[in-house]
Every structure is written in structure tokens, then in C-alpha cells.
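Notes follow once the structure below has been shown.
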Amino acid sequence: MDVTTMKAMTAAECQPLLSIKGLKTHFETRAGIIKAVDGVDIELGRGEILGLVGESGSGKSITGFSILGLIDPPGRIADGSITYDGRDLVSMDEEDRRQLRGNDIAMIFQDPSMTLNPVLRIDTQMIETVQAHANVSTAEARQRARDALVQVGIPSPDERLKTYPYELSGGMRQRIAIAIALINSPKLIIADEPTTALDVSIQGQIIHEVKKLCRKTGTALIWITHDLAVVAGLADRIAVMYAGRIVETGKTADLIERPLHPYTKGLIDSVPSHSTRGRRLHQIKGMTPSLLNLPQGCAFRERCEKVTQECLVAPEPTLLAGRLVRCWNPAL
Amino acid sequence: MPVFIINRLLQAIGVILVMSVLVFVGLYLIGDPTSMLVSPEATEIERQALRKALGLDQSIWIQYLTFLGNAAHGDFGRSFLTGQPALQLIVERMPATVELVVVAMTFALVVGVPLGILAGLRPKAPSSKAIMTGSILGFSLPNFWIGLMLIMLFAVYLGVLPASARGETVNIGGVALSIFTLDGWQHLALPALTLGMAKAALIIRVTRAATREVLPMDYIKFARAKGLRPSRILKVHLLKNILIPIVTVAGLEFGQAIAFAVVTESVFSWPGMGKLLIDSIITLDRPVVVAYLIMMVFFLVILNLVIDILYIAIDPSAGEKVRD
Amino acid sequence: MSTPMTVSSTAPAEESPFRRLLMQFAENRLALVGLALLLLLAVPAILAPWIAPQNPYDIGSLDILDSQMPPGSMGEMTGITYWLGTDSQARDVLSAVLFGMRTSLLVAFVSVSASLLIGATVGLCAAYFGGWLDALLMRIVDIQLSFPAILVALIMLSILGQGLDKVIIALIVVQWAYFARTARGTALVERNREYILAARCLSLGWRRIIFRHLLPNCLPPLIVIATIDLAHAIALEATLSFLGVGVPVTQPSLGMLIANGFEFMLSGHYWISVFPGVALALAIIGINLVGDHLRDVLNPRNAQ
Numbered sequence: 001m002d003v004t005t006m007k008a009m010t011a012a013e014c015q016p017l018l019s020i021k022g023l024k025t026h027f028e029t030r031a032g033i034i035k036a037v038d039g040v041d042i043e044l045g046r047g048e049i050l051g052l053v054g055e056s057g058s059g060k061s062i063t064g065f066s067i068l069g070l071i072d073p074p075g076r077i078a079d080g081s082i083t084y085d086g087r088d089l090v091s092m093d094e095e096d097r098r099q100l101r102g103n104d105i106a107m108i109f110q111d112p113s114m115t116l117n118p119v120l121r122i123d124t125q126m127i128e129t130v131q132a133h134a135n136v137s138t139a140e141a142r143q144r145a146r147d148a149l150v151q152v153g154i155p156s157p158d159e160r161l162k163t164y165p166y167e168l169s170g171g172m173r174q175r176i177a178i179a180i181a182l183i184n185s186p187k188l189i190i191a192d193e194p195t196t197a198l199d200v201s202i203q204g205q206i207i208h209e210v211k212k213l214c215r216k217t218g219t220a221l222i223w224i225t226h227d228l229a230v231v232a233g234l235a236d237r238i239a240v241m242y243a244g245r246i247v248e249t250g251k252t253a254d255l256i257e258r259p260l261h262p263y264t265k266g267l268i269d270s271v272p273s274h275s276t277r278g279r280r281l282h283q284i285k286g287m288t289p290s291l292l293n294l295p296q297g298c299a300f301r302e303r304c305e306k307v308t309q310e311c312l313v314a315p316e317p318t319l320l321a322g323r324l325v326r327c328w329n330p331a332l
Numbered sequence: 333m334p335v336f337i338i339n340r341l342l343q344a345i346g347v348i349l350v351m352s353v354l355v356f357v358g359l360y361l362i363g364d365p366t367s368m369l370v371s372p373e374a375t376e377i378e379r380q381a382l383r384k385a386l387g388l389d390q391s392i393w394i395q396y397l398t399f400l401g402n403a404a405h406g407d408f409g410r411s412f413l414t415g416q417p418a419l420q421l422i423v424e425r426m427p428a429t430v431e432l433v434v435v436a437m438t439f440a441l442v443v444g445v446p447l448g449i450l451a452g453l454r455p456k457a458p459s460s461k462a463i464m465t466g467s468i469l470g471f472s473l474p475n476f477w478i479g480l481m482l483i484m485l486f487a488v489y490l491g492v493l494p495a496s497a498r499g500e501t502v503n504i505g506g507v508a509l510s511i512f513t514l515d516g517w518q519h520l521a522l523p524a525l526t527l528g529m530a531k532a533a534l535i536i537r538v539t540r541a542a543t544r545e546v547l548p549m550d551y552i553k554f555a556r557a558k559g560l561r562p563s564r565i566l567k568v569h570l571l572k573n574i575l576i577p578i579v580t581v582a583g584l585e586f587g588q589a590i591a592f593a594v595v596t597e598s599v600f601s602w603p604g605m606g607k608l609l610i611d612s613i614i615t616l617d618r619p620v621v622v623a624y625l626i627m628m629v630f631f632l633v634i635l636n637l638v639i640d641i642l643y644i645a646i647d648p649s650a651g652e653k654v655r656d
Numbered sequence: 657m658s659t660p661m662t663v664s665s666t667a668p669a670e671e672s673p674f675r676r677l678l679m680q681f682a683e684n685r686l687a688l689v690g691l692a693l694l695l696l697l698a699v700p701a702i703l704a705p706w707i708a709p710q711n712p713y714d715i716g717s718l719d720i721l722d723s724q725m726p727p728g729s730m731g732e733m734t735g736i737t738y739w740l741g742t743d744s745q746a747r748d749v750l751s752a753v754l755f756g757m758r759t760s761l762l763v764a765f766v767s768v769s770a771s772l773l774i775g776a777t778v779g780l781c782a783a784y785f786g787g788w789l790d791a792l793l794m795r796i797v798d799i800q801l802s803f804p805a806i807l808v809a810l811i812m813l814s815i816l817g818q819g820l821d822k823v824i825i826a827l828i829v830v831q832w833a834y835f836a837r838t839a840r841g842t843a844l845v846e847r848n849r850e851y852i853l854a855a856r857c858l859s860l861g862w863r864r865i866i867f868r869h870l871l872p873n874c875l876p877p878l879i880v881i882a883t884i885d886l887a888h889a890i891a892l893e894a895t896l897s898f899l900g901v902g903v904p905v906t907q908p909s910l911g912m913l914i915a916n917g918f919e920f921m922l923s924g925h926y927w928i929s930v931f932p933g934v935a936l937a938l939a940i941i942g943i944n945l946v947g948d949h950l951r952d953v954l955n956p957r958n959a960q
């Protein structure tokens, strides 16, 4: 992708916090190579909130894990670069990468009942996060853990510190996971569907609080989700992923109001809203293709309503109305 | 939790009673010990007198109740052969067996847990496959066979370690222990290795399976995402979780090892309870056999109870699960 | 478990499940080695009375002057070459091993088959009828499994006394509970499947449902356990015989042969004990190789 166009479209920051170029993360299985992420470009400014949207299997979580260097065999980063604050994460030494993880770049996972270690107390799990990156006393680390709990709005933090995860509710556990992510004041948080496993009433609270905290501390955020409605009120920008590629990126309001890519349009039309009231909801025809056996050319071709002969060749990202779109027939 | 423990205790007492009936009735249905004790020329009157003296003329149920009443006071009768109290015979031999089993189990854990974790971390590496093949051999080959091979190698071929008996002991608090002398260790080495290898094989398998189960868990990935050092993830996050199945299995295997010491002790003429049991079975010395079995039942039941309690101590949420 | 499964690339159009299993099985070289090893040991053992150089229990054919001869020596009177040497009573070790293996295999095979039959029946009935019967049977199974196999076998033998049949009974008592537990576990899953519900709706008799419908579908895991259990049975029988409470002297198994040679081992006459020991180990390893792979093949989770 053309670097100058990228810079032109992002917010007026001199140097982006995170810049991913041509990222390819592949999994070598016996059945063949699964191209989970196949040429993804993302730029993120300081303090910016990006919504990374896609259905399951689109490669959005793998993109998140690739940034942190948490891809395990048989998976590997086959190509591309991930530059964080001017340093290349892909070629970086594992020990240097470890020092960035949880300190500069933190992550929140999907299922709070699985992310906290069931046999360790909350304080142990928080203090170790501080001490992995800073040479501080346990007492000081405990104080920071307490502050982090207060920050995410957990009542009586001293008592909570002494509990085991199984004693807490799902919402409470996720708040603690968020507190752990925030504990070392990272510059970037990657949140992988952190509200999917929670009750709807808690979802809204968590989204609201994370947004507030990121704005307050100036932390950049990548919020990975399959639910466009979740990021609509949260993100500055949205990137839509399909079959390992980003098909459309743009400012949230623009993208929601006037989707250019047929897939984005399909996603938006399938969300119920006031305007669709009483009508049958739209549904994207067909099923997510297997990553082992993608259609030739545009991966969305077989499900697209506007498919033409051109779609047999994979479209390159093009700048259109301030947005990047990978489509031969954008809705203009 | 107290309710749970009381419940388990009642069950345990039930099991002990049932087993005592089975063992007692079973052993008294066949075999006539008087034929072993008197000379073949003895008259029928002499035999009758002996039966009466041993209480064998009573009905089996009277014998059982008498036995139960005496057992409650720690009296399991006297050995038909030596005339010593059966319980005393067993208690005298107990330190040797416990010493052997403790050393063997320690060996099994010290060797088995690291090898199991290694095989679990890199399941496809040649070293892991070698470890797993070794462990299949370790627990499928009979214990006495492993013992024989060790004797062949270390006692006959290399001639560096003794093949039988217990070494020099030191009396500590009224208990004779051989782990405090060099001679004691030399004698202990082969039997403990024999017993320990079979147990290590099992510990390896359990550790590997648990490691493979815990590694893909989100909390391990989260721990990595927190930027923890690999050594901390291994020693705290992984180890604390795999400890639960390991402790359970090691505890159960401790009981099994006490029982299996019967074989090892026979191979190495180790003067423990197991050797006593085999000798007593062959000479039909019923009181000793019965006393041994009742003691074992007692021990195994208590051991199971202790494992359950330990389990709650390690897994903080287990108490919850038990209550449900 | 750790051996990678490869899906056969050339699948014939009409392929019976049995044939498919056979082909999958044949693809693992280690399992084939195990199978070959087993055949190599079992066939001569079964044919022992006809192919062994000597009948080691026919006192008349023994020449006491030939006792404890090293491997490869020749008996002057008998004219037999003792390829594996002779024991303290001048028996040809090779012949003794063949006869001993025969006894070991017989005991293992009979006891495992009977345990499978009893255990499967108990387990299936417990699963099918449920309620108090299930609770009672499983309580018995639990209690029995909490006691070490070797102790249970020792108690049984000290009650029953010596003899081939007694050893077999003791082994059945030790082993049936494993089969009962496995059979119940699989049957519980199967019981709620639609085909069983359909059979019950047709009000077929319980015997028919259990044995014609439930049993065939629970068989694969039971076969795997039975295979590996053969190795356990051989090992346990050998142990009991080694301890002197197993088979009678007139029908020695491998375990007893090893025990007989034990006292001569320290004086360097290794062959009396070691050759039966090697045969025992090879049999157990062979069964484990086959059983381990059978588990991979029959495990539906590995089918994809």
C-alpha cells in the first residue's frame, strides 16, 4: 500500500503509534496452509480507538495476537512488518517483545472466566504483572494493583485482591482483567471481544468505562468484535475484515452512514435499527468460506450481490471518499 | 466441608467393616492351619486340643465377632508360627516398607514431573517421544522383571550394589531407619529404583497429559500477554494447575506402592510388611494375613480421605464443587 | 497418541468400516512391528507340544547331567542342542519358555475374555436400568478399584489356593471392574441416542436392546481396553507366579520360570531367568504397541 496515502487519511499525527504493513499470518496444517491473516495493513495514532470488525474466522483475533507476538506453531508470521513506536515487532528479540507485552501493549481477552488463572489469587496475578516489568517491592506493586482496581470502578478493592477468580462474577472478572491490562499504563490496548461473553447490561457498562479510561489516559485501543453495533459508538475509525483481509477502513460515522464495500453494507443492513423497524432484516447470503479453499479473486465474490467479471481478480485497496476499499464495484 | 468429611468417614468405616468380613470369612473358609503346626504323626486328640486353643472350634461368626472385638483393642491375634502378636509383627516391619516407598515415590516425583512437563511442552520432539516410550515400558513391564534386570546390571555385571537385604540402620525415636547410613543407601538404591521407575512412568504420563491440557488455556496466553517471564509462567501458572492431578495420582499411587512393595520386597529380600505378607500367605499364617489386610484397608481408606482434603487445599474452587 | 494419523488417500468406493480400520492400522509401522512380534511369540507357543525340542515336564526325557548348561551346548544323552541353555533340572530353557508362554497366554486370554464378558454385562445393565441397581453396582466397582490389583489377587489366591483355574479366577476378580466402568461410561452416552429410544418405543425386550443394540455400539472402547489389559494380565500372572502363589509347579508360566532361575542368577547362570524374562517383556511390549495404536484407530475423536 502507498504509505503517503495512508498518512494522508489518518488523523494528523506525525508518527503513528502502530503501523502494520502487509501482515501475513499463516498456519501450516496437514490439510494445507491456512492464511488466517493475508496482507493486513493497519495504522493507529496515539490515543486513537480502532474497531476491527469481522465474522469469526476472518482473522481479526489472529491479527491481535500477531501484534503481541503470541502466535504459536503451527502458526507463524509469514510476511509483513509490525512497527510499534518506531520499532519492528516481528524481527524483535523475544525478550524485548516480552518487555513490551503487558507494559506498552496490553491485551484483554474474550472470556473472563478463562483468562484469570483459577488457582491464583487476584493479588498474585496483578502483582506479578507489575513486577514482570518494574523492579518494585511487593508492597508497592500491591498498591498499584489496588489503584488499578479503583480505576475500573471495583468496590472494596482490598477485599477483592484476596479472592480467587471463582468467587467473582463474570463482569467483575472482566473488570479485573481490564485493571490488569491498565496496571502498567500501556500506550496500546488490544481488546479481543471483551464483552461477548458478558450479560448485555454489563456489556454497555464495560464499553463505556473502557472508552472513558482510554480517553483519560490517552491510551490507544484496538477493539476486536464481530458486532458492528458495539464499535459504532466507541471507535474513531473502523476496519472491516473479511477472509484475512481488510476490505474497508474509514471514519466510523462515514463508514456506518455510507458503506462502500458490499460486505460492510451487508453487515450494517443486518443490524436492527429504527429505520428497519417492521421490515425483514437483511441477511448476507451464503456462508463464510473455508480459509483453506477461498474463491479465486475477491474472497467475497460468491456471496456478493454486485459480482461482475472483474471480481475474478483480487481487488487492491483504493482510496475513495477518504476511505480505503478493496472492491471493484463500491457502492458510490 | 465438615459434613463432607463426616460423610466420607462414615463411608470409610462401612468399607472397612465390609472388607473385614470378606477377608475374614474368605480366609477361614479354606485351609487348616493346624495341619501346618502339628507334626503329621499327631493324634486327632492333639489336633482338637490345638484347634480349641486357637479358638478354631467355634462357629465362624463367633470367631469373627471375637476377632472384631479384639481388633478394636488393637489385638489381631497371635501369629500361628511365632506366637508373637500379629499387629506387633507388622508394626515392626512397617518402617522398612514406608522408608522404601517414600524414597521410591520421591524419586518418581523428582524424575517424573520434569520429564512429564518436558514431554508436554514439546510433544513432537524426539526427546518427548523417547520419554513416552520409556514410560510405557516402565509401567507395563512387571515390577519384578525390572528388579531382576537392575540386579543383573548393578549387582551381577557391574558388582557395585548389593542385591538383597536392608543395610545398616540407625535408631531414631524408636524407629530403625537406614537412610542415614551409606550402607543403608546402598541397599536401598536398587529396590527403591525398581519401585520408583514404575511410579515415575505413571507420573510422567499424568504430568504430560495435564500439561497438554493446561497449555492451550486462555489463562496461560493471558499470562504471556501480561509479559511474564517464561520461567514464572512455567513455575507458577502451569505448575500450580497441573499439581492438582499430580497430587491426586501421587497420593493414590503411594497406596498402590505400599501394596506393590510386596513384589519389590520379595525380589530384594527387603524385610518389610510385604515380604511378611507373602511369607504368611504361603505358610497359611492367617492372623498375620488378616491383620495386614485390615491394616492396608484402613490405610488406603485414610489415604483417600487425605487426598480429598489435600485436593481442596490446592484447588480453591474444589470446596465449592464438593458442596454442590 | 503421539503418532500422526494419516488419512488414506485412495479410498475405494465401497469400503466396509472393518476394512477401513484394517487399512488405517496397517499404516502404522510400529503397530505392525508389535503385531509381528506377537505372532512370532504366540504361534510357536501355541504349537509348543509339537515343535518344542523337548517336553520339559516329562521327567523321563531329562538327563540330570545336563543341568545348568550354558546356551548353545549339546546334551550328550539327549542329543538336543540347548540353544538357550538348560535349567537346574536339566530342562531345555527354549522348550520351557515355549511351554511357559503357552500357559501365560492361556491364563491372560481366558481371564480377559471372561472379565470382558462379565464386566460389559454388569456395566451395560447398570447404565440401562440406572437407579438403585446402577448405584449399587458402581459402588462395588468403586470400592474394588480403590484397592491395589496385586493385593486383591493375593487375597483371592490365599483364599482359593494354588492352581491354574484359581489364578484365572483371581485375575477375573481383579479385572472385571475396569470393563464394567468403561462399559457403563460409554453405554450412558449411547443410551440417550435416538436409536435406543426408538428400540424402546418398539418395546423390544431389555435383553435384546442391551445385547443387540447397546453392546455393539459400546464395543470399540472395550476392545481397546481388553487388548491393553492382556498385557496387564500377563504381567500380573507372572508376578503372582514369581511370588510363588500363582500357577502350579507342573504347569509353570514365564513368571515361575523366572523365579526358578532367580537364585542362579547371582552365580552368573543368567540364562535360566533372563530368557523367560525377555520373552515376557517382548510379549508385553508387542501387546502395548498393538493396543496403543488400536486406541488411536478406534477413537472417534481422531477420525477426522
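First to last, the sequence lines map onto chains B, D and G.
Straight run, no breaks: the first sequence in this note's numbering ends on number 332.
Straight run, no breaks: the second sequence in this note's numbering ends on number 656.
Straight run, no breaks: the third sequence in this note's numbering ends on number 960.
We put the beta carbon where it would ideally sit given N, CA and C, even for glycine.
Excluding the 5 residues flanking it on each side, valine 622 (chain D) has same chain C-beta neighbours closer than 7 Å at Val355, Phe356, Leu359, Phe408, in chain order.
Nearest in C-alpha terms to glycine 218 (chain B), of all of B:Gly39, B:His261, B:Gly45, is B:Gly45. Alanine 701 (chain G) is classed as buried because its beta carbon has at least 16 other beta carbons within 10 Å across all chains shown. The Cβ atoms of arginine 258 (chain B) and threonine 249 (chain B) do not sit closer than 8 Å to each other.
Under DSSP, serine 729 (chain G) shares a beta bridge with G:Tyr738.
Residue environment analysis places asparagine 339 (chain D) among the exposed positions, since fewer than 16 neighbouring C-beta atoms fall within 10 angstroms of its C-beta.
Taken atom to atom, the span from the alpha-carbon of glutamine 518 (chain D) to that of phenylalanine 918 (chain G) is near 21 Å. Three or more pairs of CB atoms, one per stretch, sit closer than 8 Å, so the stretch 937 to 951 of chain G contacts the stretch 885 to 901 of chain G. In its chain, beyond the 5 residues on either side, Thr539, Ala542, Thr543, Val546 have a beta carbon closer than 7 Å to the beta carbon of isoleucine 574 (chain D). Per DSSP, the continuous beta strand (DSSP E) segment holding valine 507 (chain D) begins and ends at 507 to 509. Its Cα nearest to that of lysine 24 (chain B), the residue B:Thr63 stands out among B:Gly54, B:Ile49, B:Thr63. Only buried fits methionine 529 (chain D), as 16 or more other CB atoms lie within 10 angstroms of its CB. Checking the DSSP bridge columns, you'll see leucine 221 (chain B) partnered with B:Ile49, B:Ile189. Residue-level contact by beta carbon holds for phenylalanine 109 (chain B) and chain D, with a gap shorter than 8 Å.
The alpha-carbon separation between leucine 188 (chain B) and alanine 106 (chain B) amounts to approximately 6 Å.
At a Cβ-Cβ threshold of 8 Å, leucine 520 (chain D) and serine 510 (chain D) count as neighbours. Counting along the chain, the unbroken alpha helix (DSSP H) around asparagine 873 (chain G) starts and ends at 871 to 899. When DSSP states are grouped into helix, strand and coil, phenylalanine 439 (chain D) belongs to the helix group. In chain order, Leu473, Pro474, Trp477 make up the part of chain D whose C-beta sits under 9 Å from the C-beta of leucine 936 (chain G). Inter-residue distance for cysteine 857 (chain G) and phenylalanine 765 (chain G) is about 39 Å (C-alpha atoms, whole angstroms).
For glycine 75 (chain B), the enclosing beta strand (DSSP E) starts and ends at 75 to 84. For phenylalanine 27 (chain B), the enclosing beta strand (DSSP E) stretches over residues 18 to 29. For proline 16 (chain B), the CB contacts under 7 Å within the same chain, skipping 5 residues up- and downstream, are Thr10, Glu43, Leu44, Gly45 in chain order.
By the criterion of a C-beta distance shorter than 8 Å, isoleucine 206 (chain B) is surrounded in its chain by Gly171, Gln174, Arg175, Ile178, Pro194, Thr195, Leu198, once the five residues flanking it on both sides are discounted. Using a CB distance below 9 Å, the part of the stretch 568 to 594 of chain D facing chain B consists of Val568, His569, Lys572, Asn573, Leu575, Ile576, ordered along the chain.
Alanine 243 (chain B) and proline 289 (chain B) do touch by the CB rule: their CB atoms are close to 6 Å apart, below 8 Å. Around the C-beta of tyrosine 738 (chain G), 16 or more other C-beta atoms lie within 10 Å, and the residue is accordingly described as buried. Under DSSP, the beta-bridge partners assigned to proline 417 (chain D) are D:Arg410.
Every alpha helix (DSSP H) of 4 residues or more that sits fully in the stretch 739 to 807 of chain G is shown, in chain order, as 749 to 785, 787 to 801. Within 8 Å of the CB of threonine 895 (chain G), the CB atoms of chain D belong to Pro474, Asn475, Phe476, Val595, in sequence order along the chain.
Annotation: aspartate 647 (chain D) to glutamate 128 (chain B) spans about 20 Å, alpha carbon to alpha carbon. Counted as a single uninterrupted DSSP element, the stretch harbouring lysine 251 (chain B) is not any alpha helix (DSSP H) but the beta strand (DSSP E) occupying residues 245 to 251.
In this model, alanine 855 (chain G) and tyrosine 784 (chain G) are separated by some 13 Å (Cα to Cα). Residue burial is scored here from C-beta neighbours: proline 74 (chain B) has fewer than 16 other C-beta atoms within 10 angstroms and is therefore classed as exposed. Counted as a single uninterrupted DSSP element, the alpha helix (DSSP H) harbouring methionine 628 (chain D) occupies residues 618 to 646. Within 10 angstroms of the beta-carbon of proline 155 (chain B) lie fewer than 16 other beta-carbons, which makes it exposed.
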